[in-house]
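Protein chains: 2
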Amino acid sequence: MAAAVELFATRGYHATTTRDIATAAGMSPAALYVHFPAKSAVLFAISRHGHERTLKLVQTTVAKHPDPVDAMRTLVEQFVAWHAKRHVIARVVQHELTALAPEDFEVVRELRRTTENLVRDLITHGVEAGVFTVPDVRTAARAVLSLGIDVARWYSPTSRPAPEVLGKQYAELVLSMLGYTS
Amino acid sequence: MAAAVELFATRGYHATTTRDIATAAGMSPAALYVHFPAKSAVLFAISRHGHERTLKLVQTTVAKHPDPVDAMRTLVEQFVAWHAKRHVIARVVQHELTALAPEDFEVVRELRRTTENLVRDLITHGVEAGVFTVPDVRTAARAVLSLGIDVARWYSPTSRPAPEVLGKQYAELVLSMLGYTS
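Chains as they are written, first to last, in our numbering: chain A, 1 to 182; chain B, 1001 to 1182.
(1) Starting from the C-beta of A/A140, find all residues in its chain whose C-beta is less than 7 Å away, skip the five residues before and the five after it, and write them out in chain order.
(2) How far does the alpha helix (DSSP H) with A/H35 in it reach, from first residue to last?
(3) Contact criterion: CB-CB distance below 8 Å. Does A/T139 meet it with respect to chain B?
(4) Going along the chain, which residues of its own chain have a beta-carbon closer than 8 Å to the beta-carbon of A/A24, five neighbours each way excluded?
(5) Name the chain A residues whose beta carbon is nearer than 7 Å to that of B/D1136?
(6) Under 8 Å Cβ-Cβ, which residues of chain A neighbour B/Y1013?
(7) Just reading off the alpha helix (DSSP H) that A/D104 is part of, what are its end residues?
(8) Taking all protein chains shown into account, do 16 or more other C-beta atoms lie within 10 angstroms of the C-beta of A/H49, making it buried, or fewer, making it exposed?
(9) For A/R73, which residues of its own chain have a beta-carbon under 6 Å away from its beta-carbon, when the five flanking residues on both sides are left out?
(10) What does B/S1176 reach in chain A if we use C-beta pairs closer than 7 Å?
(11) Measuring CA to CA, which of B/R1113, B/P1066, B/V1076 is closest to B/V1174?
(12) Among the residues of its own chain, which have a CB less than 6 Å from the CB of A/V93, if the five just before and after it don't count?
(13) Counting pairs of Cβ atoms below 8 Å between the stretch 1008-1027 of chain B and the stretch 9-29 of chain A, do you hit three or more?
(14) Mapping DSSP to helix, strand and coil, what is A/S156?
(15) If I follow the unbroken alpha helix (DSSP H) through B/G1050, where does it start and stop?
(16) Could you check if B/D1070 is buried or exposed, using at least 16 other CB atoms within 10 Å of its CB as the buried criterion?
(17) Does the beta carbon of A/D104 sit closer than 8 Å to a beta carbon anywhere in chain B?
(18) Beta-carbon within less than 8 Å of B/E1164's beta-carbon, same chain only, minus the 5 sequence neighbours each way: which residues are those?
(19) Please name the residue, chosen from A/A38, A/S159, A/P68, that lies closest to A/V131 on a Cα-to-Cα basis.
(20) Below 8 Å on C-beta distance, what does A/E172 contact in chain B?
(21) When the cut-off is 8 Å and only beta carbons count, does B/W1154 lie next to chain A?
(22) List the residues of chain A that B/I1149 touches, going by C-beta distances under 9 Å, in chain order.
(23) Thinking C-alpha only, which one of A/P37, A/L43, A/S182 is nearest A/V108?
(24) Mapping DSSP to helix, strand and coil, what is A/R86?
(25) State yes or no: is the beta carbon of A/Q94 nearer than 8 Å to at least one beta carbon in chain B?
(26) Can you confirm whether B/A1143, when its beta carbon is compared against all beta carbons of chain A, has any partner nearer than 8 Å?
(27) Determine, for A/L166, whether the minimum Cβ-Cβ distance to residues of chain B falls below 8 Å.
(28) Within 10 Å of its beta-carbon, does B/R1091 have 16 or more other beta-carbons around it, so buried, or fewer, so exposed?
(29) With distances taken between CB atoms, is the gap from A/Q59 to A/L147 smaller than 8 Å?
(30) Check the Cβ-Cβ distances between A/S146 and every residue of chain B, and say whether any is below 8 Å.
(31) Considering only their Cβ atoms, is the gap separating B/H1083 from B/I1021 smaller than 8 Å?
(32) Alpha carbon to alpha carbon, how far is B/P1066 from B/V1144?
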């Protein structure tokens, strides 16, 4: 999977062959085939892994922080820092969604839907608690996730600030965006 | 250029050949060669066009609206609506930057830098006028542009709300993010 991420990120998914992946991973094409019967199966494994990780982050954070402000701050800090640190894999996960097989895409779409619904619920919770004010919960949740995901597009090893600092700055911007005033 | 955008968007830049582009445009490879001596020259033309358009939007908006709140609202409304409406071309422009020839990339990078500096200046202007409060101007400018650009990744013909509505909602979210309270 690591070899495939590198190849997909540098050459693009479509220009990478299963033979390229096998060679980069130090395997024979036949050995690769045992684990991944098609190139899109490798992409699916990478994509599902990334999406499950995000869903778990959101679930864990919400469960751990009953206060919606604390939960949102922690969520954005970690989500943003991860997309900065792991921008190569995050870019592949986000930009090659259309290359997934239809049934695989459905699995990923369901993970994205569940994640987005949790973020919506968190914002709604904050609105009900009187700490957040937003024009539209759906669009606000979209914007929160979008800000984090897009970090992977523009962040590079020479970018500053450091991932954790960026996470903290973005958390403050997001809280402000959601109408929170400390 | 339109034919190339379609091909780059569906197959990816690396898997598209100049012959594919010529065929889709109803030209001979030789005729295409007269205008674009390499595939990367087609990508550069598309990318430069997109980036010049954005720079012009920011310049025009700032010149037209002396009030930083009005300027930022108009800028985000139009920037977001464009990325929603023209998500196919915007996606190619944003996601294939690394495929540009080094000297072409420098031209695009300069356009991006100029655009980002104008957005930073606008935020600084708002901070000085006492209408914006941000933890870090550089990160705030990055977040404003990032929110708009990322619309092209997730927006599809079936997405809602409509581009103009999304633009207005995002403009309110951005003003709030910048600490503006009406």
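By construction, the Cβ of each residue, glycine as well, lies at the ideal position given by its N, Cα and C atoms.
Taking the geometry as given:
(1) On the first sequence, position 140 is the one that residue 140 of chain A refers to. Taken in chain order, the residues that qualify are I123, V134, L178.
(2) Locating residue 35 of chain A in the first sequence gives position 35, where the first residue counts as 1. Note, A/H35: alpha helix (DSSP H), 29-35.
(3) As a working mapping, residue 139 of chain A is identified with position 139 in the first sequence. Yes, because at least one Cβ of chain B sits closer than 8 Å to the Cβ of A/T139.
(4) In the first sequence, residue 24 of chain A corresponds to position 24, counting from 1. A3, A4, E6, L7.
(5) The count along the second sequence starts at 1 and reaches residue 1136 of chain B at position 136. By Cβ distance, chain A contributes Q169.
(6) Walking along the second sequence from the start, residue 1013 of chain B turns up at place 13. Simply G12.
(7) As a working mapping, residue 104 of chain A is identified with position 104 in the first sequence. Here the alpha helix (DSSP H) through A/D104 covers 102-128.
(8) The residue you call residue 49 of chain A lines up with position 49 of the first sequence. Taking all protein chains shown into account, A/H49 has fewer than 16 neighbouring C-beta atoms within 10 Å of its C-beta and is therefore exposed.
(9) Along the first sequence, read from residue 1 onward, the residue named residue 73 of chain A stands at position 73. Cβ neighbours of A/R73 beyond the five flanking positions: A171.
(10) Here residue 1176 of chain B is taken as the residue at index 176 of the second sequence, counted from 1. At a beta-carbon threshold of 7 Å, the residues of chain A lying near B/S1176 are S176, M177, G179, ordered along the chain.
(11) In the second sequence, counting from the first residue as 1, residue 1174 of chain B sits at position 174. In this structure, B/V1076 is the residue among B/R1113, B/P1066, B/V1076 with its C-alpha nearest to the C-alpha of B/V1174.
(12) Translated into positions along the first sequence, residue 93 of chain A becomes position 93. The beta carbon of A/V93 sits closer than 6 Å to those of S47, G50, all from its chain and outside the five residues before and after it, given in chain order.
(13) Yes, the stretch 1008-1027 of chain B is in contact with the stretch 9-29 of chain A.
(14) For the purposes of this step, residue 156 of chain A is taken as the residue at position 156 of the first sequence. DSSP, reduced to helix, strand and coil, places A/S156 outside both helices and strands of the structure shown, so it counts as coil.
(15) For the purposes of this step, residue 1050 of chain B is taken as the residue at position 50 of the second sequence. Per DSSP, B/G1050 belongs to the alpha helix (DSSP H) from 1039-1064.
(16) Along the second sequence, read from residue 1 onward, the residue named residue 1070 of chain B stands at position 70. The residue in question, B/D1070, is exposed, as its Cβ has fewer than 16 Cβ neighbours within 10 Å.
(17) Against the first sequence, residue 104 of chain A aligns to sequence position 104. Chain B, which has no Cβ nearer than 8 Å to the Cβ of A/D104, makes this no.
(18) Reading the second sequence from its first residue, position 164 is the one you call residue 1164 of chain B. Only E1077, A1081 meet the Cβ criterion.
(19) Along the first sequence, one-based indexing puts residue 131 of chain A at 131. Ranked by how close their Cα comes to the Cα of A/V131, the residues A/A38, A/S159, A/P68 have A/P68 in first place.
(20) Your numbering for residue 172 of chain A matches position 172 in the first sequence. By Cβ distance, chain B contributes P1135.
(21) Along the second sequence, one-based indexing puts residue 1154 of chain B at 154. Among the residues facing chain A, B/W1154 is included, as its CB has a counterpart in that chain under 8 Å away.
(22) Looking up residue 1149 of chain B in the second sequence gives position 149. In chain order, D150, R153, W154 make up the part of chain A whose C-beta sits under 9 Å from the C-beta of B/I1149.
(23) For this step, residue 108 of chain A is matched to residue 108 along the first sequence. Out of A/P37, A/L43, A/S182, A/L43 has the C-alpha closest to the C-alpha of A/V108.
(24) In the first sequence, counting from the first residue as 1, residue 86 of chain A sits at position 86. Residue state, collapsed to three classes: coil.
(25) The residue given as residue 94 of chain A occupies position 94 in the first sequence. Yes, contact with chain B.
(26) Position 143 of the second sequence holds residue 1143 of chain B. For B/A1143, the answer is yes, since a Cβ of chain A falls inside 8 Å of its Cβ.
(27) Looking up residue 166 of chain A in the first sequence gives position 166. A/L166 belongs to the set of residues whose beta carbon lies under 8 Å from a beta carbon in chain B.
(28) One-based indexing of the second sequence puts residue 1091 of chain B at position 91. By the Cβ neighbour-count rule, B/R1091 is buried, with 16 or more other Cβ atoms within 10 Å of its own.
(29) Position 59 of the first sequence, counted from the start, is the residue given in the question as residue 59 of chain A. Position 147 of the first sequence, counted from the start, is the residue given in the question as residue 147 of chain A. A/L147 sits away from A/Q59, with the two beta carbons spaced by 8 Å or more.
(30) Residue mapping note: residue 146 of chain A aligns to position 146 of the first sequence, counting from 1. Output row for A/S146: interface = yes.
(31) Position 21 of the second sequence, counted from the start, is the residue given in the question as residue 1021 of chain B. Position 83 of the second sequence, counted from the start, is the residue given in the question as residue 1083 of chain B. Taking 8 Å as the Cβ cut-off, B/I1021 and B/H1083 do not qualify as a contacting pair.
(32) Residue numbering aside, residue 1066 of chain B sits at position 66 when the second sequence is read from its first letter. Residue numbering aside, residue 1144 of chain B sits at position 144 when the second sequence is read from its first letter. Here the alpha carbons of B/V1144 and B/P1066 stand approximately 19 Å from one another.
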